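At position 6 of the sequence shown the residue is numbered -8 (this note's numbering), and the sequence of numbers has no breaks.
Reviewing the structure listed below.
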Amino acid sequence: MFLCNVKANKMELIAIQIVGILEGAIVIMMLLAAWRLVKMLGRPRKMTLQEIEKNGTLAEAIVLDVNETGMIINDLPQVKLQMQVLPEKGRNFVAEVKQVLPNSLKTLLHSGSKIMVKYDPGNPREVVVLRAL
């Protein structure tokens, strides 16, 4: 009789431990799911370059530096532009973009050139060059 009770108690302890482990795993999975949800909802979606060109905030910018990357796409050169963006509202900021530009625009760009750009107000480092001024 005593031996049966010991075996039963051991089985109960094992069952309790298994339930505890499962409950812990469920809690961890729920915390991970909640963390991912907060991470997704708390961060604004990144705009595509086409969305920035269509819906971005218009601003003037001053070219600080222009360098060809050496990449040619559809017979057009890709350039790396560093610029100081001068938004109507808010502080000026420096942005660096790689963009394929038509040769007619590329020849107008040099340090000190003024250009029109659009940028993503949620991520001001995302800038699209529109035209030279």
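Just so you know, even glycine gets a beta-carbon here, dropped at the ideal spot from N, CA and C.
As the structure is a computational prediction, the values presented were derived from the model and not from experiment.
Residue i vs residue j beta-carbon contact at 9 angstroms
i	j	result
residue 46	residue 12	no
residue 83	residue 66	yes
residue 76	residue 64	no
residue 119	residue 90	no
residue 108	residue 32	yes
residue 105	residue 43	yes
Where residue i falls, given that 16 or more other Cβ within 10 Å makes a residue buried
i	result
residue 7	exposed
residue 9	exposed
residue 26	exposed
residue 59	exposed
residue 38	buried
residue 112	buried
residue -4	exposed
Enclosing alpha helix (DSSP H) for residue i [first to last residue]
i	result
residue 40	35 to 41
residue 89	89 to 92
For residue i, the first and last residue of its enclosing beta strand (DSSP E)
i	result
residue 67	62 to 72
residue 78	Run containing residue 78: none; DSSP gives neither H nor E here.
Cβ-Cβ separation, residue j to residue i (assumed contact under 8 angstroms), whole Å
i	j	result
residue 103	residue 94	The Cβ separation is near 14 angstroms, so there is no contact.
residue 52	residue 96	6 angstroms
> Quick check: the stretch 39 to 53 against the stretch 66 to 83, are there 3 or more CB pairs under 8 angstroms?
Replying inline: Because the criterion of three Cβ pairs below 8 angstroms is met, the stretch 39 to 53 and the stretch 66 to 83 touch.
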